[in-house]
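For the sequence shown, my numbering begins at 1 and goes up steadily by one.
This report refers to the structure that appears directly beneath it.
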Amino acid sequence: MEKIIYLSKKLKAFTFDEIFLLAEMEKENLEKCLNELMENGTLKQDTHGYIYVEQIPAMIKDIIQSSNSKKQKTENFGIFIPNNIKTENLSFLKIVNKFLEEYVTKFCKISTVKTYKFMFKNHIIPYFKNKDLENICADDIMGFFYYCQEKQLSPKRIKNTLALLKQFLSYAKNNGFINNTCNFQVKRLSVKNEFDLNRVTFERGIC
1 MEKIIYLSKK LKAFTFDEIF LLAEMEKENL EKCLNELMEN GTLKQDTHGY IYVEQIPAMI
61 KDIIQSSNSK KQKTENFGIF IPNNIKTENL SFLKIVNKFL EEYVTKFCKI STVKTYKFMF
121 KNHIIPYFKN KDLENICADD IMGFFYYCQE KQLSPKRIKN TLALLKQFLS YAKNNGFINN
181 TCNFQVKRLS VKNEFDLNRV TFERGIC
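Written as structure tokens, this is what we have:
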């Protein structure tokens, strides 16, 4: 459970498939953990997946509630928007290495780490190494999808590679290496989403 909470906090927003890749546990156990976290308010769910809800420590919450109860009703309020400060500029390869060393190796089995390194080395890096990570857009994602198809990767491998790419982009944004990231979903084609142009899908091509 602690690992799922930590991953949820790091990812901020994620799909079941994305956290399943990192959690390395049975689907039934993962579903149970996610349901428990939703029940206690740690997670909430939307149409895209799960969202981590920042928790306020009990002691701080009591102080805030006590302070609020003593304040008068004629208070003034302001809006405070945190600045997303970008860290130093790093190359694509350096950010990949940070992702693998500081994130993946802490939560994944050695075999999974090897698989991720293989996917970066053979698929993701050759396609994206000369692209501006800050400005990767839907066209780049679709182009990468076709690139994987041309390499005759299996549907499952394409799905996992795209899911890993999404995790990497989220990591880069959450850690201040980029300010923006392309948000996309990887879903199996079904009757409900087959003609949805807002989805990056696989097995039979992009709609």
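Each residue gets a CB set at the ideal place from its N, CA and C atoms; glycine is no exception.
If you drop the 5 nearest sequence neighbours on each side, which residues of the same chain put their C-beta closer than 7 Å to that of residue i?
i: His123; result: Cys148 and Thr161
i: Tyr103; result: Tyr171
i: Gly41; result: Val53
i: Lys131; result: Asp140
i: Asn35; result: none
Using DSSP bridges, identify the partner residues of residue i.
i: Lys117; result: Answer is none; Lys117 lacks a bridge partner.
i: Tyr50; result: Phe14 and Gln45
With a CB to CB cut of under 8 Å and the five nearest residues on each side skipped, what residues in its chain are close to residue i?
i: Cys182; result: Ile136, Cys137, Ala138, Asp140, Ile141 and Leu169
i: Tyr116; result: Leu100, Val104, Cys108 and Leu164
i: Lys151; result: His123
i: Ile125; result: Phe92, Leu93 and Val96
Assuming residue i and residue j make a contact with CB atoms under 8 Å, what is their CB distance in whole Å?
i: Asp17; j: Ala172; result: The pair is not a contact, with the Cβ atoms about 19 Å apart (cut-off 8 Å).
i: Phe14; j: Ile95; result: That belief does not hold up - the Cβ atoms of Phe14 and Ile95 are roughly 19 Å apart, past 8 Å.
i: Val186; j: Lys159; result: 5 Å
i: Phe145; j: Tyr127; result: Contact flag wrong, Cβ pair sits at about 10 Å.
Quick check: residue i and residue j, are their CB atoms within less than 7 Å of each other?
i: Lys129; j: Phe92; result: yes
i: Leu22; j: Phe107; result: yes
i: Glu28; j: Lys109; result: no
i: Cys33; j: Ile4; result: yes
Whole angstroms are fine: how far does the CA of residue j sit from the CA of residue i?
i: Pro82; j: Leu11; result: Any answer about Pro82 is weak, because its pLDDT of 48 lies below 50 and its placement is not dependable; what the coordinates show is given next. Using only the alpha carbons, I get a separation of about 19 Å.
i: Thr105; j: Val113; result: 6 Å
i: Gly49; j: Leu30; result: 14 Å
i: Glu26; j: Lys166; result: 22 Å
i: Ile19; j: Lys9; result: 11 Å
i: Gly205; j: Leu7; result: Unreliable positioning characterises Gly205 in this predicted model, as indicated by a pLDDT of 44, which lies under 50. The coordinate reading is nonetheless provided below. Rounded to whole angstroms, Gly205 to Leu7 spans 31 Å at the Cα level.
i: Asn175; j: Phe120; result: 19 Å
i: Ser190; j: Thr47; result: 16 Å
i: Ser154; j: Phe184; result: 20 Å
i: Lys98; j: Leu90; result: 10 Å
i: Ser111; j: Arg188; result: 25 Å
Less than 6 Å between C-beta atoms, sequence neighbours within five positions excluded: which residues of the same chain meet that for residue i?
i: Leu37; result: Leu43
i: Met1; result: Cys33
So, does the CB of residue i fall closer than 7 Å to a CB anywhere in chain C?
i: Asn183; result: Absent from the structure is chain C; it holds one protein chain and no more.
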